[in-house]
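Numbering (my numbering), first residue to last: 1 to 71. The C-beta atom is built at its ideal place from N, Cα and C for all residues, glycine as well. Here's the structure, in structure tokens; my notes come after.
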């Protein structure tokens, strides 16, 4: 189940091509933020996403790493 969840979250982020807030992603995927944050952390440890911690309003931004980032 976790592998499928990671796949869905990564594909959603990869289609956006820009960083998105964890709050917006949670609303879009209809997933609790706590569960989504755990999934994003696992994707980050796999090297598939970048997580940015904002200083204003305690925001968390997430962006998928794609081949375009390395070219």
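Report the start-end ranges of each beta strand (DSSP E) in the stretch 13-70 that is 3 residues or longer and not cut off at the edges. 49-53 and 60-64
Cβ-Cβ separation, residue 13 to residue 63 (assumed contact under 8 Å), whole Å: Mapped onto the chain shown, residue 63 falls at position 63. Mapped onto the chain shown, residue 13 falls at position 13. That pair is a contact at about 7 Å.
CB of residue 36 within 8 Å of CB of residue 9, strictly: Position 36 of the chain shown holds residue 36. Position 9 of the chain shown holds residue 9. Contact: yes.
Decide if residue 67 is buried, meaning its Cβ has at least 16 other Cβ atoms within 10 Å, or exposed. Start at 1 with the first residue of the chain shown, and residue 67 comes out as number 67. Label assigned to residue 67: exposed.
Between residue 6 and residue 41, is the Cβ-Cβ spacing less than 8 Å? Taking the chain shown and counting its residues from 1, the one referred to as residue 6 is at position 6. Taking the chain shown and counting its residues from 1, the one referred to as residue 41 is at position 41. Against a cut-off of 8 Å, the Cβ pair of residue 41 and residue 6 comes out as no contact.
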